[in-house]
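**Q** Residue numbers (the working numbering): 2 to 180. Got a structure for you, written out below as structure tokens; questions coming shortly.
Take a look at the structure:
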């Protein structure tokens with residue numbers, strides 16, 4: 002069987018990226034591989050760069066982890082928000098914010114460029130499929146498509162979980178494995 006030593010997974014907090022994280026960590030657990038969970042961010046306003054992560058776009062209610070309308074005393078720290086996105090993703094999927102052999106890496110830059118660069122030293126790149134289609138997909142492009150075209154290693158694109166899968170009891174979320 003194929004064994005992996007270093008797996009990179011893109012995480013933005015979306016259901017598809019959580020499914021990708023679950024699969025990447027499962028493969029890493031099976032092979033005792035290092036899994037590098039990467040959240041790309043840009044320190045710009047989301048309105049200027051609609052698909053960069055400044056405020057994580059997928060919070061528990063879909064609005065991100067911070068209230069975009071709240072008045073805060075300081076500047077938005079995009080790197081800290083990306084770190085929070087990664088920690089929240091681990092908690093959401095595995096009920097832990099830290100795991101053995103899982104490295105959380107918030108990284109500045111466009112998602113497809115960051116993931117492709119990080120994949121240079123990996124055996125496998127795992128990304129979630131967003132599912133944009135038609136004119137919207139053509140206009141927006143796709144991180145997954147860009148990674149498939151440009152990554153120097155194998156790329157695994159993971160679709161969104163089926164609704165029944167997402168509604169499983171919390172006890173099942175602690176299990177790491179492949180189905």
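Quick reminder that beta carbons are idealized off the backbone N, C-alpha and C, glycines included. In this text, all values refer to a predicted model and were calculated from it rather than measured experimentally.
Hey, quick one: how far does the beta strand (DSSP E) through residue 37 stretch, first residue to last?
**A** Run containing residue 37: 35 to 42, per the beta strand (DSSP E) assignment.
**Q** List the DSSP bridge partners of residue 91.
**A** In DSSP, residue 91 forms no bridge with anything.
**Q** Can you name, in chain order, every residue of its own chain whose Cβ lies under 6 Å from the Cβ of residue 180, other than the five neighbours on each side?
**A** Residue placement at residue 180 is poorly supported in this model, since its pLDDT is 38, which falls under 50; the coordinates are not used for a value here.
**Q** Would residue 104 and residue 38 be called neighbours here (beta carbons separated by less than 8 Å)?
**A** Going by C-beta atoms, residue 104 is nearer than 8 Å to residue 38.
**Q** Using the three-state DSSP reduction, which class does residue 25 fall into: helix, strand or coil?
**A** Three-state result, residue 25: helix.
**Q** On the CB-based measure, 16 or more other CB atoms within 10 Å of its CB, does residue 8 come out buried or exposed?
**A** Buried.
**Q** Among 78, 23, 42, 27, which has the Cα closest to the Cα of residue 115?
**A** Closest by alpha carbon: 42.
**Q** Would you tell me roughly how many angstroms separate the C-alpha atoms of residue 12 and residue 25, rounded to the nearest one?
**A** Looking at the two C-alpha atoms, the distance is approximately 11 Å.
**Q** May I have the straight-line CA-CA distance separating residue 186 from residue 17, to the nearest angstrom?
**A** The chain is shown from 2 up to 180; residue 186 falls before or after that span and cannot be answered.
**Q** From the beta carbon of residue 126, is the nearest beta carbon of chain D less than 8 Å away?
**A** Protein chains in the displayed structure number just one, and chain D is not present.
**Q** Pull up the CB-CB distance for residue 120 and residue 152, whole angstroms please, since I reckon it's below 8 Å.
**A** Between residue 152 and residue 120 the Cβ distance is about 5 Å, and since that is below 8 Å, they are a contact.
**Q** Which same chain residues end up closer than 7 Å to residue 154 when comparing Cβ atoms and leaving out the 5 residues on each side of it in sequence?
**A** Here the set comprises 120, 123, 124, 125, 126.
**Q** Tell me, which residues are paired with residue 8 by DSSP?
**A** BP columns for residue 8 point to 36, 125.
**Q** DSSP state of residue 101, grouped into three classes?
**A** In the structure shown, residue 101 sits in coil (DSSP, three-state: anything other than H, G, I, E or B).
**Q** Between residue 108 and the rest of its own chain, which residues show a CB-CB distance below 8 Å, the 5 nearest in sequence each way excluded?
**A** Only 39, 40, 41, 42, 83, 115, 119 meet the Cβ criterion.
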